[in-house]
């Protein structure tokens with residue numbers, strides 16, 4: 002499958018902030034944020050973007066940015082349980098993104114039980130050519146075990162960082178044997194692994210995911226981050242050390 006052939010071929014990020022109204026205003030409206038953030042990422046060598054309809058207007062904004070440069074970028078997006086079903090949503094997303102095919106189409110969780118019928122929709126989408134590869138965004142060791150043993154997906158997205166080595170490492174041998182394509186998310190732990198936050202940091206913006214974190218959670222996370230400061234000497238910065246950590250694993 003294409004997604005497996007392109008292993009380690011892409012560097013990119015999520016675009017939740019594109020649908021954030023505060024971010025749009027800060028960068029001069031939807032067109033401004035798409036141009037400023039997208040162009041800068043392209044200059045830095047990024048060629049992959051992960052989005053979803055539940056991220057506000059991000060898909061439509063991204064579609065405007067990708068006009069005329071689609072061949073430079075790989076696109077991943079997701080079905081998040083919207084009414085009308087996966088296939089209907091995918092058609093809408095293709096229109097918003099301004100493309101004929103999505104490089105990696107995911108379900109935003111690991112369907113089980115009655116929801117397992119959704120995998121058939123994924124396979125149909127891939128067979129139609131409207132998705133090159135298909136998979137899921139997952140969260141636990143059992144999720145990895147289930148999708149590798151009981152589905153025909155091409156890959157998955159998983160959280161993996163210095164602070165969150167599991168579930169990836171717990172299923173490393175199984176991953177090595179199955180060789181799925183993998184998208185790593187949250188490698189900087191919501192920015193905390195940049196090393197620039199203190200124990201008393203606050204996140205007042207209600208659109209910031211960290212706004213929901215308690216003071217204790219923030220302080221404890223920063224304390225754990227500080228235990229990795231020894232990596233700065235060799236890497237040059239904690240941010241670089243954290244970003245490189247997942248790349249130590251060829252899987």
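Residue numbers (the numbering used here): 2 to 252. C-beta: ideal position from N, C-alpha, C; glycine also. This one's a predicted model, so the numbers in the text were calculated from it and none came from an experiment.
Asked: Residue interval of the beta strand (DSSP E) (run including residue 1); Found: In this structure the chain extends from 2 to 252, so residue 1 is not present and cannot be described.
Asked: Helix, strand or coil at residue 232 according to DSSP, with G and I counted as helix; Found: helix
Asked: Which listed residue (105, 235, 61, 69) has its alpha carbon closest to that of residue 80; Found: 105
Asked: For residue 102 and residue 130, the rounded distance between their alpha carbons; Found: 7 Å
Asked: Residue 151, buried or exposed, once every other Cβ within 10 Å from all chains shown has been counted against 16; Found: exposed
Asked: The beta strand (DSSP E) enclosing residue 55, as first and last residue numbers; Found: Here residue 55 belongs to no beta strand (DSSP E), and DSSP marks it neither H nor E.
Asked: Opening and closing residue of the beta strand (DSSP E) in which residue 106 lies; Found: 103-108
Asked: Sub-9 Å separation of residue 251 and residue 161 beta-carbons; Found: no
Asked: Cβ pair residue 229, residue 244 closer than 9 Å; Found: no
Asked: Validate contact between the stretch 175-195 and the stretch 117-132 using beta carbons, cut 8 Å, 3 pairs; Found: no
Asked: Closer than 9 Å to chain C by CB, residue 247; Found: This model lacks chain C altogether, as it is built from one protein chain only.
Asked: Reference residue 78, options 198, 44, 51, 136, closest by Cα; Found: 51
Asked: Euclidean distance between Cα positions of residue 189 and residue 211; Found: 13 Å
Asked: Helix, strand or coil at residue 222 [DSSP, three-state]; Found: helix
Asked: Own chain, CB closer than 6 Å to residue 240, minus 5 neighbours either side, in chain order; Found: 195
Asked: Residue 226 to residue 126 span [Cα, whole Å]; Found: 41 Å
Asked: Counted within 10 angstroms of its Cβ, other Cβ atoms place residue 54 as buried (16 or more) or exposed; Found: buried
Asked: Buried or exposed by the 16-neighbour rule on C-beta atoms within 10 Å, applied to residue 234; Found: exposed
Asked: Buried versus exposed, by CB contacts within 10 Å (16 or more), residue 158; Found: buried
Asked: Assumed close pair residue 64, residue 97 - CB separation to whole angstroms, cut-off 8 Å; Found: 5 Å
Asked: Inter-residue spacing [alpha-carbon to alpha-carbon] between residue 221 and residue 200; Found: 7 Å
Asked: For residue 134 and residue 114, believed in contact at Cβ under 8 Å, the rounded distance; Found: Residue 114 to residue 134, Cβ: 25 Å. No contact.
Asked: Minimum C-alpha distance to residue 257 - residue among 87, 43, 122, 57; Found: Residue 257 lies beyond the residue range present for the chain, which begins at 2 and ends at 252; the question has no answer from this structure.
Asked: Distance CB(residue 145)-CB(residue 171) smaller than 9 Å; Found: yes
Asked: Distance cut-off 8 Å: residue 100 Cβ against heavy atoms of the ligand SAM; Found: The ligand SAM is absent from the structure shown, which contains no ligand whatsoever.
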